[in-house]
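Below is one structure, written out as structure tokens; comments come after it.
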Amino acid sequence: MNGSPATGSLPPGFADHHTVLTVLPQRERPSAHPLGSVPAGWRGVSSLYIHMPFCSHKCHYCDFYSLVDTRDRQAAFVDRLTRELEGVAPWFAGTPLRTVFVGGGTPSLLRIDLWERVLGLLHRRFDTRAIASGEGEFTVECNPESASGGLMDVLAAGGVNRVSIGAQSFEVRHLRTLERRHDPENVARAVEAARRAGIARQSVDLIFGVPGQTLGEWARDVERAIALGTTHLSCYALTYEPNTAMTARMRRGEFESIDEESEAEMMVWTAARLREAGLARYEVSNFAAPGAECRHNLAYWRQAQWIGVGPSAASHVLDPTGGSRRWRNVPRLDDYLGSDGALGPVVDAEEPDPRRLLAERLMTGVRIAEGVDAARVMAEARSISGESPDRLAECASRLVQQGWLDAGDGRWRPTDAGFLFADRMARDLMAALG
Ligand code: SF4
């Protein structure tokens with residue numbers, strides 16, 4: 011819900027907290043549910059994503075699956091979600107939940123009584139002790155206008171210990187351009203409501219590169235976000251996804267996107283200012299105080315296993331035979347509600363492919379400050395191709411010479427300059443894999 015459009019020139023479908031970390035085909039392919047083909051003894055998932063698709067308005071830059079519900083389907087959605095959660099629970103058996111992330115859509119639009127049902131079920135059917143102790147992380151995305159004190163109390167009582175608040179901008183003019191309708195003053199109220207309820211961690215999402223935005227205006231947005239005192243900020247560059255209304259309007263000449271230099275200038279300024287404010291960049295678009303990084307998103311970027319429930323939610327499990335299985339639920343509420351059985355209706359299931367898994371590790375690895383284990387990447391590349399991965403080694407050393415990659419401590423990590431070119435580095439390294 012918070013936009014998270016910072017996917018730069020990554021392929022369509024490569025969205026961060028919305029869990030789709032793969033190059034998805036343009037057309038949906040209905041698939042048998044992949045959990046049916048995973049060996050019976052296999053378990054060990056500890057991250058859960060829940061997609062709640064409802065929004066009060068469809069923002070015209072957004073390509074996440076969300077809808078304005080004119081038919082009062084929230085209760086039916088929670089009935090179906092309950093069935094799906096029951097269906098996937100065995101895959102979490104014996105493993106404490108380490109991270110839960112509820113995104114959308116606008117999860118804070120779900121009625122409080124329905125929230126109570128979802129939270130109750132999670133505690134009944136999953137091992138939530140790590141979350142209750144604070145070792146685990148439970149995040150809910152909230153829109154500033156629907157993050158009421160009453161909702162925050164219910165979320166806190168249900169174990170939620172982190173909220174991500176979609177501010178996007180504090181300038182009404184830019185919010186209008188994005189078609190975000192909240193009052194900027196409500197961002198501080200939402201943060202305060204979360205704190206009062208005892209939700210320990212808050213994050214704020216901002217978008218930069220809005221048409222007509224200057225560096226000075228962006229700097230004011232960042233300063234206002236810093237002044238809220240949250241320990242996590244996400245700063246996403248506005249991107250024009252192929253099928254959004256905003257992209258169509260830009261193509262019709264209704265406005266111009268800002269130029270690349272201005273966008274790069276905003277990015278560089280942001281990283282320097284947030285570092286000064288004690289928020290280190292740990293991913294291209296994400297900044298946190300020490301220990302306040304989003305553990306759920308880190309699980310994605312480190313290629314951990316997660317299962318997503320709800321329409322359009324993606325899942326990723328490591329296959330015992332090597333590679334990983336990915337799939338996503340059908341991105342249509344009516345199809346989701348009308349589906350039989352417990353597990354969700356699935357499209358675009360991918361067969362395990364160790365080469366794809368490695369390519370994706372490179373793609374995400376150059377976007378996170380911790381980078382990737384170079385020796386492990388080289389060993390896997392060798393084992394996949396059966397020969398010495400010389401092109402990959404040459405590509406990495408060229409990126410080091412260019413000053414984009416740091417190869418100290420046996421890892422390949424993006425440098426400050428490298429963060430600006432993460433997509434290009436990813437493309438080069440993936441091409442060098444052969
Ligand atoms: S609030 Fe706007 S950006 Fe967020 S999911 Fe809904 S339509 Fe998309």
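By the working numbering, the letter at position 12 of the sequence shown is numbered 22, and the numbering carries on one by one without gaps.
For each residue, glycine too, the CB sits at the ideal point set by N, CA and C.
Proximity of residue i and residue j at Cβ, strictly below 8 Å
| i | j | result |
| --- | --- | --- |
| ALA352 | ARG93 | yes |
| VAL220 | HIS184 | yes |
| GLU360 | ARG335 | yes |
| ALA290 | ARG211 | no |
| ARG445 | GLU380 | What the structure shows of the chain is the stretch from 11 to 444, and residue 445 is not part of that stretch, so it cannot be assessed. |
| MET388 | MET440 | no |
| VAL164 | TRP125 | yes |
| ARG121 | LEU95 | no |
| PRO106 | VAL357 | no |
| ARG366 | GLY318 | no |
| ALA229 | TRP279 | yes |
| CYS304 | THR149 | yes |
| ALA198 | MET162 | no |
| LEU415 | ALA369 | no |
| HIS306 | SER143 | no |
Through-space distance from residue j to residue i, alpha-carbon basis
| i | j | result |
| --- | --- | --- |
| GLU151 | THR116 | 7 Å |
| ALA157 | GLU264 | 33 Å |
| THR138 | GLU147 | 10 Å |
| ALA247 | ASP231 | 14 Å |
| ALA42 | ASP363 | 18 Å |
| CYS72 | GLU251 | 8 Å |
| ASP426 | PRO399 | 27 Å |
| VAL33 | ARG434 | Low local confidence applies: a pLDDT of 38 at VAL33 is under 50, so the model's placement there is unreliable, and no value is given. |
| ALA314 | ALA207 | 31 Å |
| LEU31 | ILE60 | With a pLDDT of 35 at LEU31, under the threshold of 50, the modelled position of that residue is not reliable, and the figure given next carries that caveat. Going by the C-alpha atoms only, they are around 16 Å apart. |
| GLU266 | SER272 | 13 Å |
| TRP316 | ARG262 | 40 Å |
| TYR346 | ASP79 | 14 Å |
| SER19 | ALA255 | Caution is warranted here: a pLDDT of 31 is assigned to SER19, below 50, making its placement in the model unreliable, and no coordinate value can be reported. |
| CYS65 | ASP383 | 40 Å |
| LEU45 | GLU155 | 38 Å |
| GLY320 | PRO63 | 8 Å |
| ILE141 | LEU129 | 12 Å |
| ILE209 | VAL170 | 7 Å |
| ARG127 | ARG437 | 44 Å |
| ILE394 | ALA258 | 42 Å |
| ASP419 | GLU181 | 43 Å |
| LEU119 | ARG392 | 49 Å |
| VAL110 | THR249 | 27 Å |
Given residue i as reference, the closest of the options once Cα atoms are compared
| i | options | result |
| --- | --- | --- |
| ARG342 | ARG121, PHE87, LEU372 and VAL55 | PHE87 |
| GLY104 | GLU266, VAL55, SER325 and TYR75 | VAL55 |
| ALA235 | GLU195, ALA258, ALA436 and GLU273 | GLU195 |
| ALA287 | ALA237, ARG305, MET276 and ASN253 | ALA237 |
| ARG190 | HIS70, VAL340 and GLY46 | HIS70 |
| PHE429 | GLY413, ALA442 and GLU404 | GLY413 |
| ALA385 | ALA417, SER395 and GLY396 | ALA417 |
| ARG371 | ALA432, LEU129 and ASP350 | ALA432 |
| SER76 | VAL182, VAL340 and LEU415 | VAL340 |
| ARG90 | ALA406, ARG401 and GLY354 | GLY354 |
| GLY375 | GLU293, ALA403 and PRO100 | GLU293 |
Residue i Cβ short of 7 Å to the ligand ADP heavy atom set
| i | result |
| --- | --- |
| PHE74 | This structure does not include the ligand ADP; its bound ligands are the ligand SF4. |
At least three beta-carbon pairs within less than 8 Å, the segment 160-180 to the segment 205-218: yes
Contact between the segment 312-332 and the segment 297-304 is defined here as three or more beta-carbon pairs at a separation below 8 Å; is this criterion met? no
Give, in chain order, every unbroken run of the alpha helix (DSSP H) that is at least 4 residues long and sits entirely within the segment 92-172. 122-135, 139-142 and 159-167
My parser needs the beta strand (DSSP E) runs of 3 or more residues fully inside the segment 187-218; what are they? 211-218
Please give the ranges of any beta strand (DSSP E) in the segment 297-379, keeping only runs that are unbroken, at least 3 residues long and fully inside the region. 317-319, 324-328, 334-339 and 356-360
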